[in-house]
Structures are given as structure tokens and as C-alpha cells.
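> Under full-length UniProt numbering, the first residue of the sequence shown is numbered 1, with each subsequent residue one higher.
Just so it is clear, CB atoms sit at the ideal spot from N, CA and C, and this is done for glycine as well.
All values reported here derive from a predicted model rather than from experimental measurement.
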Amino acid sequence: MSSSSSSFQMGQLVADKHVRYVLMSEKKKESFESVVMDHLRMNGAYWGLTTLDLLDKLGSVSVDEVISWLMTCQHESGGFAGNTGHDPHVLYTLSAVQILALFDKLDILDVGKVSSYVAGLQNEDGSFSGDIWGEVDTRFSYIAICCLSILKCLDKINVEKAVDYIVSCKNLDGGFGCTPGAESHAGQIFCCVGALAITGSLHHVDKDLLGWWLCERQVKSGGLNGRPEKLPDVCYSWWVLSSLIMIDRVHWIDKAKLVKFILDCQDLENGGISDRPDDAVDIFHTYFGVAGLSLLEYPGVKAIDPAYALPVDVINRILLTKGTQMVF
Ligand code: GRG
């Protein structure tokens with residue numbers, strides 16, 4: 001379906017240009033962007049490949065090439081690094097698992113090994129460290145829960161303690177921070193709400209209070225910020241909207257104005273999406289812009305799951321097959 005047939009009376013998504021931008025950014029290995037992103041290439045691959053899948057163009061990449069590189073990033077511990085020769089971290093392990101899920105290639109994984117690596121990062125209080133160096137953050141709680149759920153190994157961790165820890169990071173404004181007492185931030189809210197959604201624990205969220213805080217993130221231009229008094233940024237189209245959808249309060253924001261803000265951040269000539277109109281594009285904002293449009297049901301963009309951050313058809317394929325452990 002082309003966006004010209006849509007009910008959105010505004011600029012259009014230049015989908016073909018974004019596809020070309022994603023495919024080209026992979027080829028420009030010497031560019032500044034590639035060099036500074038070298039250590040987190042696994043995240044970049046997840047952002048780029050998911051963008052392609054949402055635009056129904058995943059077939060444009062060589063599955064074998066991606067997977068043979070991806071497997072060079074796995075360590076003896078079972079965890080994945082951001083690139084060949086780097087150290088493993090749970091951040092990159094989730095991206096690796098998500099990429100394999102996109103390609104329907106989870107069967108090449110030693111699931112026992114990967115899940116033991118992730119589960120081994122749970123601490124006594126239920127929180128998760130990101131790697132052996134021990135930094136604790138609710139981002140890592142989400143990542144561990146999302147990863148283990150995709151691998152159908154949630155039973156390897158103490159889910160009750162994991163949930164209790166996340167709840168201990170809830171603030172009086174209804175939001176969540178990275179550790180107990182830390183300021184509410186839309187990115188951390190996505191992580192906490194996502195982890196609670198996956199574990200069937202959303203009853204811990206005050207949906208009206210949090211919904212109010214989240215819908216107040218919309219500013220005059222239609223864009224969303226991540227916390228009060230901050231500038232809007234396309235990436236919050238994902239962190240805020242997905243959270244609003246999970247708590248069933250997405251109708252509290254002006255969706256048409258947000259669509260316009262995202263479309264205004266496109267590079268109409270060379271493809272790619274930036275944080276704000278007229279800034280330089282990058283792969284991170286291109287993904288979160290397209291993913292935001294997916295949550296807004298923009299025509300021609302496949303539906304994405306707000307908790308797992310993967311296309312709905314991919315999640316259905318995984319969760320509806322034999323061996324599913326439903327925690328709901
Ligand atoms: C699978 C989608 C997915 C995520 C994996 C890594 C992760 C889990 C979640 C990250 C959540 C997070 C903290 C997002 C915020 C990212 C961001 C733009 C941070 C910028 O923070 P500041 O303080 O910017 O620099 P503001 O906008 O507050 O000025």
C-alpha cells in the first residue's frame with residue numbers, strides 16, 4: 001500500500017530512500033559514523049535490519065553474510081559482543097538474539113549457553129548487571145527478560161525478584177528510573193513497562209498516573225521528549241509510544257502531529273531520519289522513526305510489537321510455536 005492512499009494529509013514516508021540509506025550505511029565502513037559505531041555494530045545491525053523488515057525489504061541482505069559475522073561475536077561464556085574481538089555484554093546479546101529471530105534462525109544458537117550467560121547476570125536483589133563489571137540498570141532487567149522470553153528460558157531466572165526490583169525503581173510520578181530513587185526517564189520507562197508486560201506484571205503500574213506523565217512528553221511541534229523541559233527527539237516516538245500502548249493510553253496524545261514531526265525529520269533526498277528536523281540523519285533515529293510510525297499504524301509499515309521491539313509476525317512465529325512458556 002502506498003502512503004499516498006493514506007488518510008495522513010501531510011508529507012510522505014520516503015521508504016525506498018530509507019531502505020537505500022540503511023543498505024548504504026553498512027557499506028561505508030570508512031565513514032566517521034561507522035568508525036565511532038564500530039564497538040556497537042551489533043546494535044546498529046539490529047536497528048538497520050529491523051528497519052528493513054518493517055519496510056518489507058529484509059530480503060535485500062545476505063542472511064549468510066550477516067549470520068557468519070554475528071557468530072564471530074559470540075564468546076565462550078555464551079554472551080555476544082558489539083563486534084568481533086570486543087567484550088560480551090547483555091546489550092549486544094539481545095541484539096544478536098533479535099537479529100536471529102528476524103531471520104528465523106534461532107535454531108543455530110546453543111540456547112542453553114546463551115540463556116545461562118544472561119541468567120548468570122541476575123543479582124541477589126533481583127536486578128541485573130550488564131556484564132562481568134557489574135553495572136546495574138533497569139535497561140539490563142528488560143534486556144534479560146526480553147532475551148530469555150524469546151529463547152523460552154524465563155524459568156532460568158527468579159522472575160518474582162526481577163519484578164520486585166523493577167517495582168522498587170517506580171517513582172511518585174508513576175514513572176521509572178534506572179535504579180531505585182533515580183529520576184523517571186522515558187527510555188527507562190519503556191524498559192520497566194516492557195519487562196512488566198512480558199512477565200504479565202502490568203498490574204504494578206498506575207496506568208492513569210504514568211499515562212499522564214507520558215502524554216505530557218508531547219511538545220508544540222508534535223514531537224516527544226524523554227523528560228520534562230527537554231528537547232523532543234524522534235527516538236522518544238518509540239520509548240514513549242510503546243509504553244503508552246502497553247498501558248493502553250496511546251489515545252492521550254495527538255498522533256497526527258507526531259506523525260508529522262517524524263516525517264519532518266526525514267532526509268528527503270538521501271534517506272535516513274534525524275533526531276529533530278534539519279539535523280544529520282543516523283541509523284538509530286532512522287530505526288526509531290520508522291518503528292514509531294509502525295506504532296502509529298502508518299500505511300505501508302509492518303506492525304511492531306511494543307514490548308519485544310520486533311515485528312509482530314516475528315514475535316507470533318516465536319511465541320505461538322511449541323514450547324512456549326506463557327507467563328500471563
Ligand atoms: C530493544 C528497543 C530495544 C531496547 C533495548 C538499551 C535499551 C533496551 C533501552 C535503552 C532505553 C533508554 C535509556 C533510552 C534513552 C536513550 C537516550 C536518547 C538517552 C539520552 O538521554 P539524555 O539525558 O537525553 O542525554 P535527554 O533527551 O533526556 O536530553
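Please classify Ala144: is it buried, with 16 or more other beta-carbons within 10 angstroms of its beta-carbon, or exposed?
By 1-based counting over the sequence shown, the position of residue 144 is 144. When all chains shown are included, Ala144 counts as buried.
> Taking the C-alpha atoms as reference points, what is the distance between Val66 and Cys192?
Working through the sequence shown from its first residue, we reach residue 66 at position 66. Working through the sequence shown from its first residue, we reach residue 192 at position 192. Each residue's Cα considered, the two are about 30 Å apart.
> Answer yes or no: the CB of residue 332 versus the heavy atoms of the ligand GRG, is any distance below 7 Å?
Because the chain is modelled from 1 through 328, residue 332 falls outside the range shown and cannot be assessed.
> For Gly223, which residues of its own chain have a beta-carbon under 6 Å away from its beta-carbon, when the five flanking residues on both sides are left out?
Within the sequence shown, numbered from 1, the residue matching residue 223 stands at position 223. Only Pro232, Phe261 meet the Cβ criterion.
> Could you tell me if Thr199 is buried or exposed, where buried requires 16 or more neighbouring beta carbons within 10 angstroms of its beta carbon?
For the purposes of this step, residue 199 is taken as residue 199 along the sequence shown, with counting starting at 1. Counting Cβ neighbours within 10 Å, Thr199 comes out buried, since at least 16 surround it.
> Quick check on this structure: which residue in Arg227, Ala309, Tyr308, Ser221 has the alpha carbon closest to the alpha carbon of Arg276?
Position 276 of the sequence shown holds residue 276. The candidate whose alpha carbon is nearest that of Arg276 is Ser221.
> Just tell me which of Ser68, Trp239, Ala162 has its CA closest to the CA of His204.
Here residue 204 corresponds to residue number 204 of the sequence shown, with the count starting at 1. Selected option, being the one with the closest Cα: Ala162.
> CB of His285 to nearest heavy atom of the ligand GRG: below 7 Å?
Within the sequence shown, the letter at position 285 stands for residue 285. Result no, Cβ not under 7 Å from the ligand GRG.
> Taking 8 Å as the limit between beta carbons, can you name the residues of its chain near Met1, skipping five residues before and five after?
On the sequence shown, residue 1 is found 1 positions in, with the first residue counted as 1. Caution is warranted here: a pLDDT of 33 is assigned to Met1, below 50, making its placement in the model unreliable, and the coordinate value is therefore given only provisionally. Around Met1: Pro299, Gly300.
> Just reading off the alpha helix (DSSP H) that Phe128 is part of, what are its end residues?
Indexing the sequence shown from 1 puts residue 128 at position 128. Premise fails: Phe128 is in no alpha helix (DSSP H) and is neither H nor E.
> By DSSP's criteria, Asp282 is part of a beta bridge. Which residues make up the other side?
As a position in the sequence shown, residue 282 is number 282, starting the count at 1. Its beta-bridge partners are Ile273.
> With distance defined between alpha-carbon atoms, name the residue in Gln122, Gly181, Ser184, Gly134 nearest to Asp155.
As a first step, residue 155 must be located in the sequence shown, where it is residue number 155. Among Gln122, Gly181, Ser184, Gly134, the Cα nearest to that of Asp155 belongs to Gln122.
> Under the DSSP definition of a beta bridge, which residues are partnered with Phe288?
Here residue 288 refers to the residue found at position 288 when the sequence shown is read from its first residue. Paired residues: none, contrary to the question.
> Looking at the ligand GRG, does it come within less than 7 Å of Asp173, judged from the CB to the closest heavy atom?
Here residue 173 refers to the residue found at position 173 of the sequence shown. Asp173: no, Cβ never under 7 Å from the ligand GRG.
> Taking the Cβ atom as the reference point for each residue, do Ser294 and Val234 lie within a distance shorter than 8 Å?
Within the sequence shown, residue 294 is the residue found at index 294, counting from 1. Within the sequence shown, residue 234 is the residue found at index 234, counting from 1. Not a contact, by the Cβ cut-off of 8 Å.
> Enumerate in chain order the residues of its own chain whose CB-to-CB distance from Ile108 is below 8 Å, with the five nearest sequence positions on each side excluded.
Here residue 108 is taken as the residue at index 108 of the sequence shown, counted from 1. So the list reads Ile67, Met71, Leu100, once near-sequence residues are dropped.
> May I have the straight-line CA-CA distance separating His39 from Asn83, to the nearest angstrom?
By one-based count along the sequence shown, residue 39 stands at place 39. By one-based count along the sequence shown, residue 83 stands at place 83. Distance between the alpha carbons of His39 and Asn83: 6 Å.
> Please name the residue or residues paired with Gln218 in a DSSP beta bridge.
Numbered from its first residue, the sequence shown carries residue 218 at position 218. Leu224.
> My parser needs the alpha helix (DSSP H) runs of 4 or more residues fully inside the stretch 153-191; what are they?
Runs found: 159-167.
> Which one or two residues does DSSP pair with residue 331 in a beta bridge?
Here the chain comprises residues numbered 1 to 328, so residue 331 is not present and cannot be evaluated.
> Comparing the CB of Asp107 with every heavy atom of the ligand GRG, is any distance shorter than 7 Å?
Here the question's residue 107 lines up with position 107 in the sequence shown. Answer for Asp107: no, Cβ out of range of the ligand GRG.
> Output needed for His75: all residues of its chain with C-beta closer than 6 Å, excluding positions within five of it in sequence on either side, in chain order.
Locating residue 75 in the sequence shown gives position 75, counting from the first residue. Closer than 6 Å at Cβ, skipping near neighbours: Pro88.
> Here's a check: name, in chain order, each residue in its chain whose Cβ is nearer than 8 Å to the Cβ of Phe328, leaving out the five neighbours to either side.
Here residue 328 is taken as the residue at index 328 of the sequence shown, counted from 1. Low per-residue confidence applies at Phe328: pLDDT is 40, beneath 50, and the placement is therefore not dependable, though the value from the model is reported in the following sentence. Answer for Phe328: Gly200, listed in chain order.
> Closer than 7 Å to a non-hydrogen atom of the ligand GRG - does that hold for the CB of Asp279?
The sequence position of residue 279 within the sequence shown is 279, counting from 1. For the ligand GRG, not one heavy atom lies less than 7 Å from the Cβ of Asp279.
> Among the candidates Val90, Asp64, Ala45, Glu269, whose CA atom is the shortest distance from the CA of Phe128?
Counting from 1 along the sequence shown, the entry for residue 128 is found at position 128. Of the listed residues, the one whose Cα sits closest to Phe128 is Val90.
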